[in-house]
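K.L.:
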Amino acid sequence: GAVVSQHPSRVICKSGTSVKIECRSLDFQATTMFWYRQFPKQSLMLMATSNEGSKATYEQGVEKDKFLINHASLTLSTLTVTSAHPEDSSFYICSARADSAYEQYFGPGTRLTVT
Amino acid sequence: GEDVEQSLFLSVREGDSSVINCTYTDSSSTYLYWYKQEPGAGLQLLTYIFSNMDMKQDQRLTVLLNKKDKHLSLRIADTQTGDSAIYFCAENPGGSARQLTFGSGTQLTVLP
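Residue numbers (the working numbering), protein chains in the order written: chain G, -5 to 109; chain D, 23 to 134.
1) What are the start and end residues of the beta strand (DSSP E) that includes arginine 91 (chain G)?
2) Compute the distance between the beta-carbons of threonine 69 (chain D) and leucine 83 (chain D), then report whether it is under 8 Å.
3) Could you name the residues of the same chain whose beta carbon sits closer than 7 Å to that of threonine 43 (chain G), not counting the 5 residues immediately before and after it, in chain order?
4) Indicate the three-state DSSP secondary structure (helix, strand or coil) for glycine 23 (chain D) in the structure shown.
5) On the three-state DSSP scale, how would you describe glutamate 113 (chain D)?
6) Buried or exposed: proline 115 (chain D), going by 16 or more other Cβ atoms within 10 Å of its Cβ?
7) Going by CA-CA distance only, name the one from G:Lys14, G:His65 and G:Asn64 that's closest to serine 77 (chain G).
8) Around the C-beta of glycine 37 (chain D), are 16 or more other C-beta atoms found within 10 angstroms, so that it is buried, or is it exposed?
9) Please report whether the beta-carbon of leucine 20 (chain G) lies at a distance below 8 Å from any beta-carbon of chain D.
10) Got a sec, what are the start and stop residues for the beta strand (DSSP E) tyrosine 96 (chain G) sits in?
11) Closer than 9 Å between beta carbons: that is the criterion. Which residues of the region 72 to 89 of chain G meet it against chain D?
12) Return the residues of the region 20 to 38 of chain G that lie within a Cβ-Cβ distance of less than 9 Å from chain D, sorted by chain order.
13) What is the C-beta distance between alanine 90 (chain G) and serine 19 (chain G), in whole angstroms, given that I count them as a contact (C-beta under 8 Å)?
14) Tell me whether aspartate 80 (chain D) sits in a helix, a strand or coil according to DSSP, three-state version.
15) Starting from histidine 93 (chain D), trace the beta strand (DSSP E) both ways and give me its first and last residue.
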């Protein structure tokens, strides 16, 4: 099956700093990538959808200036959490979809802890 | 995931069958999915079913779809301890290839 990687798998940062998370599709070209946030014992909440070469579409209630998404190539999307605060601590998961495909393949997730 | 509902917990004994149920609301969803999430990990696509199918079997996994009742189930035969995980069902509302709506997840615990 298709493989999606995320880096880093775990990060701890101080309040006020910015953190970048990378999502890569390793063996296919992902025209669309999705970023999700998951709180403990809860389902996934879609944050934004990014299409290669265009601006991301953010879900209602997600601050686009705080969660910067860049999808510069068909195999890489990045999520930057700017001026992170403890309430941004969460598990961030990306997924990727190839053009005209209905399957989404998920990365292993990134655990962000803001102290 | 307010539009997709699942029971939160299920416990079964090793070797028994597990049945995880899900109800969804969007009748225009063209695909319905089952994902597995192990602790601290991302989601693994287990299987999916096209909305014009009633049943799909893949080794130990059987998916049943009742489109009239908008009910989806995942049966795991001969459940093993390695099957312990959270299982999410998901639909693609409006038949969209872009976006999935997930259920709240069912925590499956396999007892020895």
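We put the CB at the ideal spot given by N, CA and C, even for glycine.
P.N.:
According to the data block:
1) 84 to 92
2) yes
3) Thr26, Phe28, Ala50 and Thr51
4) Confidence is the limiting factor: at glycine 23 (chain D) the pLDDT is only 42, short of 50, which leaves the residue's position unreliable and the question unanswerable from this model.
5) strand
6) buried
7) G:Lys14
8) exposed
9) no
10) Element bounds for tyrosine 96 (chain G): n/a, residue is neither H nor E.
11) Phe85, Ile87, Cys88 and Ser89
12) Thr26, Phe28, Tyr30, Gln32, Lys35, Gln36, Ser37 and Leu38
13) 4 Å
14) strand
15) 93 to 98
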